[in-house]
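Numbering (our numbering), first residue to last: 10 to 301.
Note that beta-carbon positions come from the ideal geometry of N, C-alpha and C, so glycine has one too.
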Amino acid sequence: MYIGRFAPSPTGPMHFGSLVTAVASYLDAKHHDGLWKVRMEDLDQPRVVKQSDKTILDTLHQHGFQWDDEIIYQSHRIDIYENYVSNLNQKENTYFCECSRKEIADSAMTGIDGMIYPGTCRDKKLDAQYHALRIKAEDICMAFEDKIQGVIQQNILKDFGDFILKRSDGIYAYQLAVVIDDALQNINTIIRGADLIDSTSRQIFLQKKLSLPSINYGHIPIATFNQKKLSKENQSTPVDHSNIKDNLIACLKFLGQDYEVIEKENTLTNFWATAIQLWDISVVPKIKTIEI
Ligand code: GLU
């Protein structure tokens with residue numbers, strides 16, 4: 010059975026870009042008679058905005074989304090991440106690192122997604138206190154066939170280097186938590202924004218290291234305004250609840266769907282039923298960004 014999800018970070022209210030991701034992941038799951046779960050990615054507590062989890066759920070509810078199972082919060086699952094990490098530590102797949110951002114910037118090359126850590130601390134045998142934990146990257150190519158963007162292939166060592174699993178402030182990294190939670194929630198298909206496409210090969214690498222099942226991925230274009238990604242951080246306009254149907258139609262247009270029949274539906278229930286039936290992932294634009 011298809012099990013999909015939407016995993017917002019509660020760092021502010023939903024904006025058009027996050028609504029598009031919710032719509033695409035929901036339609037793809039429901040079109041395949043699947044489940045759709047919601048997970049709050051609230052590990053980075055300094056960035057979390059109080060009550061924004063509630064605001065996000067309210068926006069989803071008002072737009073007629075129906076999620077399956079209980080909503081999980083990553084901040085309640087620290088022990089779980091700890092367990093998986095000790096397993097990697099025991100196998101000597103990890104090491105602690107004392108390098109500051111500046112030290113790394115001075116010596117590292119820029120890769121696909123930030124600096125490629127040159128492995129400075131690999132053999133220092135540092136202890137945990139105040140140090141970040143990194144996984145030893147391997148010189149292997151991770152390839153996957155994205156349901157929207159086609160084949161993506163990256164080398165973990167050459168493109169990213171040893172990446173962080175736990176930050177020096179004790180916060181578990183997104184890459185680690187997302188892989189564990191997707192597996193424990195039995196997620197088998199992930200539809201999300203193309204800003205995360207370069208995280209996927211690291212996540213597949215971690216799945217293999219942790220002996221977790223593989224997942225199908227599809228990355229939809231992200232909405233940009235003045236060439237910048239809409240984000241909660243750059244104060245993108247929150248979704249307006251007085252125009253539910255217009256908001257949803259705008260999402261369908263963005264996703265390349267044939268919205269004209271759907272637009273004629275006069276209740277939210279019928280709107281969703283028709284949109285689910287007509288959903289066609291093959292017409293979602295195969296590009297990384299769309300300027301709105
Ligand atoms: N929490 C991430 C975000 O809001 C999404 C993570 C994911 O879908 O893998 O950008």
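Taking any heavy atom of ligand 2 as the mark, which residues have a C-beta closer than 6 Å to it, listed down the chain? With respect to ligand 2, the structure shown offers nothing to examine, as its ligands consist of ligand 1.
Beta strand (DSSP E) runs contained entirely in the stretch 84-141, provided each spans 3 or more residues: 103-106, 118-120, 123-125
For my contact list, Phe172 and Asp136 are in at a C-beta cut-off of 8 Å; report their separation, rounded to the angstrom. With a Cβ gap of about 20 Å, Phe172 and Asp136 do not count as contacting.
If you measure between the beta carbons of Asp148 and Lys134, is that distance less than 8 Å? no
Sorted by chain position, which residues of the same chain lie with C-beta nearer than 6 Å to Thr68's C-beta, five sequence neighbours on each side aside? Met23, Val248
Quick check on the DSSP output: the alpha helix (DSSP H) that includes Gly26 runs from which residue to which? 25-40
What would DSSP say about Trp281, mapped onto helix, strand or coil? helix
Rounded separation between Leu257 and Pro127 - CA only: 45 Å
Work out the CA separation of Thr298 and Leu142 for me, nearest whole Å. 32 Å
Would you decide whether Ile30 is buried or exposed? Buried here means 16 or more other CB atoms lie within 10 Å of its CB. In the sequence as displayed, the identity of residue 30 is Thr instead of Ile. With 16 or more Cβ atoms within 10 Å of its Cβ, Thr30 is classed as buried.
Per DSSP, what kind of secondary structure is Asp289 in: helix, strand or coil? coil
Closest Cα partner of Phe234 within the set Pro17, Ile12, Gly26, Ser18: Gly26
Going by the DSSP bridge assignment, what does Pro247 pair with across the sheet? His24
What is the rounded straight-line gap between the Cα of Val65 and the Cα of Glu79? The question names Val, but residue 65 in the sequence shown is Ile. Cα to Cα, the separation comes out at about 15 Å.
Alpha-carbon spacing of Gln71 relative to Ser18, whole angstroms: 19 Å
Does any residue of chain B bring its CB to less than 8 Å from the CB of Asp148? Here there is only one protein chain, and chain B is not present.
Rounding to the nearest angstrom, what Cα-Cα distance links Gly21 and Lys241 in this structure? 5 Å
Gln163 - partner residues in DSSP beta bridges: Met151
Through-space distance from Val292 to His40, alpha-carbon basis: 15 Å
Just the C-alpha distance for Leu221 and Gln286, rounded to the nearest angstrom, thanks. 32 Å
Between the Cα of Ser204 and the Cα atoms of Gly179, Asn279, Val188, Lys237, which residue gives the shortest distance? It is worth fixing the name first, because residue 204 is Asp in this sequence and not Ser. Closest by alpha carbon: Lys237.
Would you mind giving the Cβ-Cβ distance between Tyr305 and Asp155, rounded to the nearest angstrom? I have them listed as a contact below 8 Å. Missing from the structure shown is residue 305; the chain here goes from 10 to 301 and no further.
Those runs of the beta strand (DSSP E) which lie wholly inside the stretch 208-279 and span at least 3 residues: 225-229, 231-234
Bounding residues of the alpha helix (DSSP H) (the contiguous stretch that carries Lys46): Run containing Lys46: none in the alpha helix (DSSP H); it sits in the beta strand (DSSP E), 44-49.
Per the DSSP calculation, Ile199 is bridged to which residue(s)? Tyr226
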